[in-house]
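Peer 1:
In our numbering, the protein residues as written are 26 to 557.
#1: Under the DSSP definition of a beta bridge, which residues are partnered with residue 189?
#2: Mark residue 321 as exposed unless 16 or more other C-beta atoms lie within 10 angstroms of its C-beta, in which case mark it buried.
#3: How about residue 302 and residue 79: do their beta carbons lie closer than 8 Å?
#4: Would you tell me roughly how many angstroms separate the C-alpha atoms of residue 424 and residue 157, rounded to the nearest one?
#5: Using only the heavy atoms of the ligand NAP, determine whether one of them is closer than 7 Å to the beta carbon of residue 133.
#6: Return helix, strand or coil for residue 155, following the three-state DSSP convention.
#7: Where does residue 110 sit, in a helix, a strand or coil, going by DSSP?
#8: Secondary structure at residue 319, three-state DSSP: helix, strand or coil?
#9: Any idea if residue 486 is buried or exposed, counting beta-carbon neighbours within 10 angstroms, 16 or more meaning buried?
#10: For residue 326 and residue 134, I'd like the C-alpha separation in whole angstroms.
#11: Does DSSP put residue 253 in a helix, a strand or coil?
#12: CA-CA distance, residue 535 and residue 161?
#13: Counting only runs of 4+ residues fully inside the stretch 219-288, write out the alpha helix (DSSP H) ranges in chain order.
#14: Among the candidates 369, 81, 120, 113, whose CA atom is the shortest distance from the CA of residue 218?
#15: Taking the C-alpha atoms as reference points, what is the distance between residue 5 and residue 338?
#16: Since residue 128 and residue 35 are thought to touch, with beta carbons under 8 Å apart, how far apart are those beta carbons, to the nearest angstrom?
#17: Which of the three DSSP states, helix, strand or coil, is assigned to residue 521?
#18: Is residue 61 helix, strand or coil when you go by DSSP?
#19: Just tell me which of 397, 449, 452 has its CA closest to the CA of residue 332.
#20: Could you round the C-beta distance between residue 155 and residue 136 to whole angstroms and report it? I think they count as a contact, below 8 Å.
#21: Compare the C-alpha of residue 498 against each of 363, 304, 256 and name the closest.
#22: Distance check for residue 394 and residue 280, CA to CA, integer angstroms please.
#23: Please state if the CB of residue 245 and the CB of residue 305 are separated by a distance shorter than 8 Å.
#24: Name the two residues that bound the continuous beta strand (DSSP E) containing residue 126.
#25: Could you pull the start and end residues of the alpha helix (DSSP H) that residue 384 belongs to?
#26: Relative to the C-alpha of residue 388, which candidate in 237, 32, 99, 358 has its C-alpha closest?
#27: Counting only the same chain and skipping the five closest in sequence on each side, list residues whose C-beta sits under 8 Å from that of residue 249.
#28: Whether or not the stretch 108-117 and the stretch 143-151 are in contact is what I'm after, with contact meaning three or more pairs of Cβ atoms, one per stretch, closer than 8 Å; do they touch?
#29: Residue 165 and residue 530: beta carbons closer than 8 Å?
#30: The alpha helix (DSSP H) that contains residue 30, what's its start and end?
#31: Out of 194, 390, 447, 181, which one is the CA nearest neighbour of residue 419?
#32: How is residue 101 classed by DSSP in three states: helix, strand or coil?
#33: Report buried or exposed for residue 475, applying the criterion of at least 16 other Cβ atoms within 10 angstroms of its Cβ.
#34: Residues in the same chain with beta-carbon distance under 6 Å from residue 103, minus the five sequence neighbours each way, listed in chain order, please.
#35: Can you give the beta carbon distance from residue 469 to residue 365, rounded, assuming they're within the 8 Å contact cut?
#36: Is the CB-CB distance between residue 436 and residue 369 below 8 Å?
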């Protein structure tokens with residue numbers, strides 16, 4: 026019986042171990058058998074608070090590319106709506122298969138529990154389920170001492186070749202795309218709205234390859250020094266993160282393409298080539314951190330919903346201020362840099378890594394909000410939401426891992442550093458276009474008579490053009506840091522750090538030996554959702 030390839034967050038054919046195995050099996054099978062692919066649109070998954078219409082729109086576009094690619098190699102993609110075991114049962118009854126092939130997935134708790142149910146279903150039906158790693162992530166890893174070697178071995182291994190194409194005319198490709206488009210569920214079918222960020226990135230393998238080529242051969246020269254400011258970051262960053270998160274690109278193929286490009290640049294003696302190579306070196310550090318953080322969730326699934334260091338339980342939970350949370354989501358905190366970032370997120374589904382870190386820092390410290398509801402909201406705003414990176418970073422920025430340095434970003438200082446002339450806040454906050462330069466960073470200090478002459482009003486009510494800050498920034502931040510540091514200094518909290526470091530702490534390798542507690546080089550310092 027033929028095998029069935031189950032696509033999840035791996036919507037491509039290149040460097041796809043399950044596709045390669047199924048293609049080999051189909052090539053050796055009896056005539057008439059071909060590569061069968063299945064994508065399951067799970068209503069329960071899309072009903073979760075971390076799912077968003079923009080995620081489904083991106084997946085939908087990626088499935089259209091995947092369907093055409095499968096048809097071009099003599100295969101076929103089916104898309105079914107339902108819970109995984111029910112869909113697999115229907116597929117098995119209609120066209121039996123003896124092997125289920127897929128990548129390992131490090132997702133949220135829903136996918137973790139779903140995979141347990143699928144494994145049980147396979148045992149009951151006598152179906153062999155074979156899985157392969159998709160990233161440099163190791164299942165059942167005991168500690169981090171040798172993880173780096175696993176990562177290097179995975180990334181340096183040969184990529185799985187895509188099946189050989191049999192040729193597909195433009196008309197056939199268009200018909201295949203149209204047929205699949207009609208078969209795909211609508212947002213309403215999954216309980217989603219059709220409201221999307223107007224300027225989000227589009228999904229699909231073809232778009233991903235274009236972005237990768239553009240970055241490796243041009244934009245990487247801006248990477249160092251360009252990724253921190255929201256003004257330069259939209260072009261300086263690789264913009265590959267949504268394609269990695271949804272699997273339009275494989276991490277290994279990106280790493281190997283980057284290494285190959287760096288080798289080409291080594292042979293070119295020019296300032297431009299040196300800048301590009303320097304940018305790609307920094308980018309490679311973040312590709313390493315990408316898997317480092319996903320490994321945390323793989324090793325500790327509960328960090329999605331509870332503090333990694335249990336000594337921080339109860340730190341923020343009892344004091345959750347719903348009004349502060351609502352103001353943050355509405356972009357009405359009163360700090361222009363924060364509110365502009367929220368506006369950009371709503372419009373594009375993306376903002377650069379430093380601004381993401383600032384958003385979580387403001388939520389966690391001066392606004393004193395627990396990371397879980399903030400993380401659910403941000404997951405819906407980030408088109409590149411990757412559960413392993415996201416929840417690890419939410420806790421690191423909130424200070425509940427117990428092993429990371431406290432990271433507190435002052436939104437006024439961030440504006441001075443990364444938007445000194447106010448171009449960013451004026452683009453995303455129309456009212457700020459009328460604010461004189463000397464008041465850009467703290468518009469609430471404008472004298473009332475100046476506000477009146479400008480036709481502006483700064484206030485705490487919903488009709489104010491510019492909201493007042495929700496809290497006194499310096500006072501609230503100082504109090505929040507004091508509470509976190511006071512808890513961190515307690516002997517029982519300090520004592521529990523060792524086990525967390527053993528299981529999750531990073532290691533730096535020198536002469537083949539891991540060194541505990543060593544800091545990453547500056548260019549590898551991770552930030553929220555690790556914009557690549």
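We put the CB at the ideal spot given by N, CA and C, even for glycine.
The structure displayed is predicted, hence computed values, not measured ones.
Peer 2: Looking at the atomic coordinates:
#1: Here residue 189 refers to the residue found at position 164 of the chain shown. Residue 189 pairs with nothing; no bridge assigned.
#2: As a working mapping, residue 321 is identified with position 296 in the chain shown. Its Cβ being crowded by 16 or more others within 10 Å, residue 321 is buried.
#3: Position 277 of the chain shown, counted from the start, is the residue given in the question as residue 302. Position 54 of the chain shown, counted from the start, is the residue given in the question as residue 79. Going by C-beta atoms, residue 302 is not nearer than 8 Å to residue 79.
#4: Along the chain shown, one-based indexing puts residue 424 at 399. Along the chain shown, one-based indexing puts residue 157 at 132. Approximately 33 Å between the Cα atoms of the pair.
#5: Among the ligands in the structure shown, none appear at all, so the ligand NAP cannot be discussed.
#6: Along the chain shown, read from residue 1 onward, the residue named residue 155 stands at position 130. DSSP places residue 155 in strand when its eight states are reduced to three.
#7: Walking along the chain shown from the start, residue 110 turns up at place 85. DSSP places residue 110 in helix when its eight states are reduced to three.
#8: In the chain shown, residue 319 corresponds to position 294, counting from 1. Looking at residue 319 - three-state DSSP - the assignment turns out to be helix.
#9: Here residue 486 corresponds to residue number 461 of the chain shown, with the count starting at 1. It counts as exposed.
#10: For the purposes of this step, residue 326 is identified with residue 301 of the chain shown, where counting begins at 1. For the purposes of this step, residue 134 is identified with residue 109 of the chain shown, where counting begins at 1. Residue 326 and residue 134: Cα-Cα distance of roughly 7 Å.
#11: The sequence position of residue 253 within the chain shown is 228, counting from 1. Three-state result, residue 253: coil.
#12: Position 510 of the chain shown, counting from 1, holds the residue named residue 535. Position 136 of the chain shown, counting from 1, holds the residue named residue 161. Caution is warranted here: a pLDDT of 39 is assigned to residue 535, below 50, making its placement in the model unreliable, and no coordinate value can be reported.
#13: Correct list: 230-242, 248-251, 258-261, 266-270.
#14: By one-based count along the chain shown, residue 218 stands at place 193. Minimum Cα distance to residue 218 is reached at 81.
#15: Absent from the structure is residue 5, since the part of the chain shown begins at 26 and ends at 557.
#16: Translated into positions along the chain shown, residue 128 becomes position 103. Translated into positions along the chain shown, residue 35 becomes position 10. Indeed they touch by this definition, with Cβ atoms about 5 Å apart.
#17: Position 496 of the chain shown, counted from the first residue, corresponds to residue 521. Reduced to three states, the DSSP call for residue 521 is coil.
#18: Position 36 of the chain shown holds residue 61. Looking at residue 61 - three-state DSSP - the assignment turns out to be strand.
#19: In the chain shown, the residue the question calls residue 332 occupies position 307. Checking every option, the nearest Cα to that of residue 332 belongs to 397.
#20: For this step, residue 155 is matched to residue 130 along the chain shown. For this step, residue 136 is matched to residue 111 along the chain shown. Actually they do not touch by this definition, with Cβ atoms about 18 Å apart.
#21: As a position in the chain shown, residue 498 is number 473, starting the count at 1. Selected option, being the one with the closest Cα: 363.
#22: To locate residue 280, count along the chain shown from 1; it is residue 255. To locate residue 394, count along the chain shown from 1; it is residue 369. Distance between the alpha carbons of residue 280 and residue 394 is about 37 Å.
#23: If you number the chain shown from 1, residue 305 lands on position 280. If you number the chain shown from 1, residue 245 lands on position 220. Taking 8 Å as the cut-off, the beta carbon of residue 305 is found closer than this to the beta carbon of residue 245.
#24: Translated into positions along the chain shown, residue 126 becomes position 101. Here the beta strand (DSSP E) through residue 126 covers 124-128.
#25: Mapped onto the chain shown, residue 384 falls at position 359. The continuous alpha helix (DSSP H) containing residue 384 extends over residues 378-389.
#26: Looking up residue 388 in the chain shown gives position 363. The shortest Cα separation from residue 388 among 237, 32, 99, 358 belongs to 358.
#27: Residue mapping note: residue 249 aligns to position 224 of the chain shown, counting from 1. So the qualifying residues of the chain are 300, 303, 304, 307, 548.
#28: Judged by Cβ distances under 8 Å, the stretch 143-151 makes contact with the stretch 108-117, as three or more pairs qualify.
#29: Looking up residue 165 in the chain shown gives position 140. Looking up residue 530 in the chain shown gives position 505. Not in contact: residue 165 and residue 530 (Cβ atoms no closer than 8 Å).
#30: The residue given as residue 30 occupies position 5 in the chain shown. Boundaries for residue 30: no alpha helix (DSSP H) harbours it, while the beta strand (DSSP E) harbouring it runs 28-32, taken from the DSSP string.
#31: Along the chain shown, read from residue 1 onward, the residue named residue 419 stands at position 394. Closest by alpha carbon: 390.
#32: Position 76 of the chain shown holds residue 101. Strand.
#33: Here residue 475 refers to the residue found at position 450 of the chain shown. Around the beta carbon of residue 475, fewer than 16 other beta carbons lie within 10 angstroms, which makes this residue exposed.
#34: Here residue 103 refers to the residue found at position 78 when the chain shown is read from its first residue. Excluding sequence neighbours, residue 103 sits near 63.
#35: By 1-based counting over the chain shown, the position of residue 469 is 444. By 1-based counting over the chain shown, the position of residue 365 is 340. About 15 Å; that fails the 8 Å criterion.
#36: Taking the first residue of the chain shown as position 1, residue 436 is located at position 411. Taking the first residue of the chain shown as position 1, residue 369 is located at position 344. Contact flag unset, no.
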